[in-house]
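Accompanying notes for the structure given below.
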Amino acid sequence: MKFFALLILAGICFLPVFSQTTEKYYSIDYSYTFSGMKSQDETEKINEEAMKLKNVVTSRVIFKSPEHKYAQLKLTVRAVNSTEEKNVSTPPAGPRELKRMLISLGYEPHELKQVLKEE
C-alpha cells in the first residue's frame, strides 16, 4: 500500500516537470540583392528601417562601391514554432515586407535567398 502511495505521490510531483514543453525557435536568414544604392552612408538608413520590421534580430548591408551594380541586405528574423498559438497573431517579417521596405526606400529588389534554421 505504501508503495502505491509513494508511486502516486511521485507521479504527481514529477509529472509537471516532465510535461513542460520548451519552445522551439526558428530563425530565417534572408539575403536580398538590390540595386540603386549610391553611397556607403545609406547603409545605416536601411539597417534602421529593417530593424523596425517584426522579429528582426540582425540586419547588415553589404555595399562595396558605387561601381558595383548590386548591394546586399542580410537579415535574421526569429519566430516561435508555427504550431504555437501566440505565433499566429504575430507572424515574423517575410519576403513581402522586405520587398516593400526596399521599394519604399527607393531601391529595386532583385533576388531573395532564405534559409530556415532551428535553434
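For the sequence shown, the numbering used here gives the first residue as 229, with consecutive numbering after it. Glycine included, C-beta positions come from ideal geometry on N, C-alpha and C.
Coil, strand or helix - residue i by DSSP
i, result
"residue 291", "coil"
"residue 231", "helix"
"residue 303", "strand"
"residue 315", "Because the pLDDT of residue 315 is 45, which lies under 50, any placement of that residue in the model is unreliable, and the number read from its coordinates should be weighed accordingly. Three-state DSSP puts residue 315 in a helix."
Nearest neighbour of residue i, chosen from the options [CA to CA]
i, options, result
"residue 336", "253, 305, 342, 274", "274"
"residue 360", "284, 333, 303, 326", "No answer is possible for residue 360: it lies beyond the span of the chain, which begins at 229 and ends at 347."
"residue 346", "305, 301, 272, 324", "305"
"residue 325", "254, 236, 272, 279", "279"
"residue 260", "334, 330, 281", "330"
Opposing strand residues paired with residue i [DSSP bridges]
i, result
"residue 286", "304"
"residue 332", "Looking at the DSSP assignment, residue 332 forms no beta bridge with any residue, so it has no partner."
"residue 256", "305, 344"
Opening and closing residue of the beta strand (DSSP E) in which residue i lies
i, result
"residue 345", "336 to 346"
"residue 267", "First-last for residue 267: undefined, no H or E at that position."
Min CB distance residue i to chain B below 8 Å
i, result
"residue 273", "Although the question refers to chain B, the structure presented lacks it and comprises just one protein chain."
Checklist entry - Are at least three pairs of beta-carbons, each pair with one atom in the segment 283 to 294 and one in the segment 258 to 269, less than 8 Å apart? => result Touching, per the Cβ criterion.
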